[in-house]
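In this note's numbering, the protein residues as written are 2 to 308.
For every residue, glycine included, the Cβ atom is placed at its ideal position computed from N, Cα and C.
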């Protein structure tokens, strides 16, 4: 008998196979309408994951997340999902044209000298960001959470098709391998908000104490590369043909020695994430528990009439 978790994994695998075959062909106006419809339906039902998203967006935005913000968050999530399905069909020119780089010289200068480690939150479309970097002469190495062999193989093939080299988060000696990739002239891009390993450090994010991964700071410190916090977001732009994603690069975080120095480096990344995402919380796609808060924040309906 197939377990519920295995049935769910099979459904996800089938959805992605079907999506990569057909989903990317949907016209963007259709995706925009479907995203808006899905957002209204999902928010109206508000299941467990949506309740967690409401909590996370409330903290990041600094105010109780009303239904309008939550619908914008779901629509942003749908947009990213469609873009991931469409990416393999886009031309190189399409990929490059869809990214608007903010403070771009910082990464080009670092990549050409010390090397660079990019620390990203789960916002916008990080796969599009990686594809853009590869096409811009900065081959990407990244790490993916390995939830299951089949899922990992599917996403491995997808991201390798975009030019990226992907390592499992379970790989032994992962930090040392990433340092080696920096020295090989690769751009190391790592997700830096959710802590998968359980070996993160405690910092302040959006005014709350959380545990964030120390891996990006540790790789940068050991390799001598520049640590650059970076946030991808859509800037409130509607999904239309040629709609661009903003890739906002922060200042280089100076390397600091010792345990306290490592915490300070991670805190600098958290501060930059907060500074950018507080105005673009809808693009932070975090539906998992993150803050040590009740599962749900009460709805604020004061602005729903205008939504």
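In this structure, 192 is the residue among 192, 200 and 221 with its C-alpha nearest to the C-alpha of residue 233.
Nearest in C-alpha terms to residue 70, of all of 289, 282, 288 and 150, is 282. In the displayed model, residue 27 falls within coil according to three-state DSSP, outside both helix and strand. In the assembly as shown, residue 106 is an exposed residue. Its beta-carbon has fewer than 16 other beta-carbons within 10 Å. The Cβ neighbour count for residue 181, taken over all protein chains shown within 10 Å, is under 16; the residue is labelled exposed.
Taken through DSSP and simplified to helix, strand or coil, residue 277 comes out as helix. For a cut-off of 8 Å, the C-beta gap from residue 290 to residue 90 is around 35 Å, too long to register as a contact. Two segments are said to touch when three or more pairs of C-beta atoms, one from each, lie closer than 8 Å; by this definition the region 223-232 does not touch the region 66-86.
Excluding its 5 nearest sequence neighbours in each direction, residue 112 has C-beta neighbours in its own chain below 7 Å: 139 and 188, listed in chain order.
When Cβ pairs closer than 8 Å are counted between the two stretches, the region 92-101 is seen not to touch the region 154-162, the count staying below three.
Residue 74 and residue 38 have their C-alpha atoms roughly 13 Å apart. Judged by beta-carbon spacing, residue 264 lies beyond the 8 Å limit of residue 220, meaning their Cβ atoms are not closer than that value. The criterion of a C-beta distance shorter than 8 Å is satisfied by residue 116 and residue 224.
For residue 93, the enclosing alpha helix (DSSP H) stretches over residues 93-98. Straight-line spacing of the CA atoms in residue 248 and residue 276 works out to 14 Å. Under a 10 Å Cβ-count criterion, residue 286 is classified as buried, with 16 or more other Cβ atoms of the shown protein chains found around its own Cβ.
The beta carbon of residue 48 lies closer than 6 Å to none in the same chain, with the five residues before and after it left out. Distances from the alpha-carbon of residue 77 to those of 114, 151, 235 and 108 put 235 closest.
In the structure shown, the three-state DSSP call for residue 117 is strand.
According to DSSP, residue pairing for residue 230 in a beta bridge involves 120. Collapsing the DSSP output to three states places residue 47 in coil.
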